[in-house]
Structure formats: structure tokens, C-alpha cells
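*Asks:* Before anything else, here's the structure in question.
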Amino acid sequence: MIRIDALWLATTPIDMRMGTERLLARVVQVFGAAQAHHGYLFANARGNRMKLLLHDGFGMWCAARRLNQGGFEWPRGAADMAPSLTLTKQQFDALVLGLPWSRLEQMQSITRV
-10 MIRIDALWLA
0 TTPIDMRMGT
10 ERLLARVVQV
20 FGAAQAHHGY
30 LFANARGNRM
40 KLLLHDGFGM
50 WCAARRLNQG
60 GFEWPRGAAD
70 MAPSLTLTKQ
80 QFDALVLGLP
90 WSRLEQMQSI
100 TRV
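Below, the structure written as C-alpha cells:
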């Protein structure tokens, strides 16, 4: 089992042909450094593919996920928006399924019928 202490989401789309080395360079550019036990998430411009780059303390892991239909809910980088966001475990679980992860707190309770 790979330990993940923090998950970071990059808001700017990437070219999905990027491999581990180019993704690592992007992590350093966007996040400052690749920290041990931190995962870094990137998506393509269409939002139907994502890559996770993970530093496990010894080396790098790169995983990819693609949705056959629909897309991942991904914040689009705007001039006033931060280049990265942090995610909780529950938000990550919802994100990889294509669910609206940014509204999880609102979905916990029903306020009108």
C-alpha cells in the first residue's frame, strides 16, 4: 500500500503525452517541489483524462485514468485562480469516479424537499 498524506490538483490542463519526467518538471514548476507521500493530479483540456504523479519517498509513480463518457469535474485555471488546490480523501474518491467533488459538503444534508 502506498501512503498518500496530501493530494494536490493542478488547475491548468496538460498534454496527456507527458511522461513521468515532464510531469515531475511540471510539479516543480506549479507546486515548488515534489514532496514525499504527496500526490499531484493533472487533467487534459477536455477533462476526460487525468494523471496522478506520486512520490512515495523512494521514487515516482505515474497513474492514468480515462472516463469513457463525460468528464472529471475540474476547476479551470483563471487569472485570479490559484494554480493548485488541495483535496481530501473523500474529494479524491469522488473525483476519480467523475462525481461533483467540490460540492460534497452540500450533498451531505438535504435542505429542501
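Numbered per the numbering used here, the sequence shown spans residues -10 to 102. We treat Cβ as the ideally placed atom computed from N, Cα and C, and that holds for glycine. Bear in mind the structure is a predicted one, so any value in this text is a computation, not a measurement.
(1) Excluding the 5 residues preceding and the 5 following Met5 in the sequence, name in chain order all residues of the same chain whose CB lies nearer than 6 Å to its CB.
(2) When we look at the beta-carbon of Lys78 and count the other beta-carbons within 10 Å, is it buried (16 or more) or exposed?
(3) Within 8 Å of any Cβ in chain C, is that where the Cβ of Leu84 sits?
(4) Thinking just about the alpha-carbon of each residue, which of Asn57, Gln58, Gly36 and Ala22 is nearest to the one in Gly46?
(5) Looking only at its own chain, which residues have a Cβ that is under 8 Å from the Cβ of Gly60, when we skip the five neighbours before and after it?
(6) Mind reading off the beta-carbon distance from Leu42 to Leu12? Whole number of angstroms is fine, and I expect it under 8 Å.
(7) Identify whether Trp63 lies in helix, strand or coil by the three-state DSSP scheme.
(8) Provide the residue(s) that pair with Asn74 in DSSP beta bridges, ordered along the chain.
(9) Label Ala68 either buried or exposed according to how many other C-beta atoms from any shown protein chain fall within 10 Å of its C-beta, with 16 as the threshold for buried.
(10) Quick check: the Cα distance between Arg55 and Trp63, rounded to an integer number of angstroms?
*Replies:* Working from what's here:
(1) Asn33 and Arg38
(2) exposed
(3) Within the model displayed, chain C is absent; a lone protein chain is all it includes.
(4) Ala22
(5) Residues Arg35, Gly36, Asn37 and Gly87 of the same chain have their beta carbon placed closer than 8 Å to that of Gly60, with the five preceding and five following residues left out of the count.
(6) With a contact defined as Cβ atoms closer than 8 Å, Leu42 and Leu12 qualify at about 5 Å.
(7) coil
(8) The sequence given here has Leu at residue 74, not Asn. Partner(s): Leu(-2).
(9) Because the pLDDT of Ala68 is 47, which lies under 50, any placement of that residue in the model is unreliable, and the question is left without a value.
(10) Taking the straight line joining both Cα atoms gives about 14 Å.
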